[in-house]
Structure formats: C-alpha cells, structure tokens
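Below is one structure, written out as structure tokens; the observations come after it.
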Amino acid sequence: MACPNEGCMSRVPRGDLAEHQQHCQHGAHQRCPLGCGATLGPAERANHNCYRELREAWSQRQERSRTLVLCLLRRMRKMHQTTNLIRRQLAQLGDFLEEDDALLVGAPQEEAEATPEGSFGAELWGAQDQGTL
2 MACPNEGCMS RVPRGDLAEH QQHCQHGAHQ RCPLGCGATL GPAERANHNC
52 YRELREAWSQ RQERSRTLVL CLLRRMRKMH QTTNLIRRQL AQLGDFLEED
102 DALLVGAPQE EAEATPEGSF GAELWGAQDQ GTL
C-alpha cells in the first residue's frame with residue numbers, strides 16, 4: 002500500500018502502515034526527533050531550531066570559551082612570574098652596580114685616610130701631586 006502522506010513515495014504492507022506514518026518524513030505532523038516535544042509539520046521541520054540543538058551549541062561554545070580563558074590565565078601567570086624574576090634580577094644588578102661604584106669612588110678616600118695629614122707621607126704625596134700638575 003502507498004503511504005498517504007504527500008510527497009512520500011514509499012509502499013508499505015497494510016499492517017505496517019501505522020508504524021510507517023509515525024516515522025514518515027512527509028507526515029502531516031511529527032514530534033521533533035531531537036526530543037524537544039514540539040509537534041511539527043513538514044514545512045516547520047525544515048526551519049525548526051530545536052532548543053536542544055541551540056543549548057548544545059551554546060554549551061560547546063561555553064566550554065571552548067572556558068578553555069581559552071584558562072589558557073590565557075596560565076599565560077598571564079607565567080608572564081607575571083617572568084616579570085617578577087626580571088624585576089628581582091634588575092634590582093640585584095642595580096645593587097651590585099651601586100656597590101661597585103661605591104668601591105671605585107671610595108678607593109682614593111681610603112688612601113687619604115690611611116696617611117694622616119701632617120705626616121711625612123702626606124707632605125710627600127702633596128708635593129708629588131703639585132709637581133705633576
């Protein structure tokens with residue numbers, strides 16, 4: 002027997018016709034195959050935006066966004082750690098350079114402090130300095 006639904010070319014035995022009509026793609030009204038519960042005609046089925054499809058797509062996008070955010074947070078933590086390491090190294094370098102400057106600037110003062118004024122060595126050094134200028 003031919004299916005009575007418009008557009009369906011199927012031929013089924015009479016005993017199986019009721020079952021065929023429940024699943025026939027050309028049937029007048031069918032429930033949404035995705036389970037949202039909507040009863041749809043042939044024209045509606047083509048344009049049906051089942052909320053389950055939309056929810057699934059939204060869930061997938063949300064999961065992708067969550068993954069991207071976690072990746073960005075890991076990168077930010079790594080950048081923060083690297084920045085802190087560079088900051089500490091620059092501070093150590095600055096301290097080292099200040100100590101080095103202090104040693105270089107402090108060297109002539111130590112010689113002058115080692116030879117007290119009024120001693121024979123101070124007079125000798127003073128005389129030599131005047132002769133070289």
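When the letters of the sequence shown are read in order and numbered with the working numbering, they come out as residues 2 to 134.
Ideal Cβ positions, reconstructed from N, Cα and C, are used throughout, including at glycine.
Own chain, CB closer than 7 Å to Arg53, minus 5 neighbours either side, in chain order: Working through the sequence shown from its first residue, we reach residue 53 at position 52. Result list for Arg53: Leu35, Gly36 and Cys37, in chain order.
Cys72, buried or exposed, once every other Cβ within 10 Å from all chains shown has been counted against 16: Here residue 72 refers to the residue found at position 71 when the sequence shown is read from its first residue. Cys72 comes out exposed.
Under 9 Å between C-beta atoms of Ala19 and Arg12: For this step, residue 19 is matched to residue 18 along the sequence shown. For this step, residue 12 is matched to residue 11 along the sequence shown. No, the pair does not count as a contact, with Cβ atoms beyond the cut-off.
Proximal residues to Thr16 (C-beta, below 8 Å), its chain only, five neighbours per side dropped: In the sequence shown, counting from the first residue as 1, residue 16 sits at position 15. Note that residue 16 corresponds to Gly in the displayed sequence, not to Thr. Same-chain partners within the cutoff: there are none.
Exposed unless 16 or more other CB atoms sit within 10 angstroms - verdict on Gln31: Working through the sequence shown from its first residue, we reach residue 31 at position 30. Buried: at least 16 other Cβ atoms inside 10 Å.
Gln26, DSSP secondary structure in three states: The count along the sequence shown starts at 1 and reaches residue 26 at position 25. If DSSP states are grouped into helix, strand and coil, Gln26 belongs with coil.
Per DSSP, cross-strand counterpart(s) of Gln31: Position 30 of the sequence shown, counted from the first residue, corresponds to residue 31. For Gln31, which the question treats as bridged, DSSP gives the partners Leu41.
His24 beta carbon less than 9 Å from that of Ala39: For the purposes of this step, residue 39 is taken as the residue at position 38 of the sequence shown. For the purposes of this step, residue 24 is taken as the residue at position 23 of the sequence shown. Cβ atoms of Ala39 and His24: not closer than 9 Å.
Test item: CB-CB of Gln26 and Cys51 under 9 Å: Position 25 of the sequence shown, counted from the first residue, corresponds to residue 26. Position 50 of the sequence shown, counted from the first residue, corresponds to residue 51. For Gln26 and Cys51, no; Cβs fall outside 9 Å.
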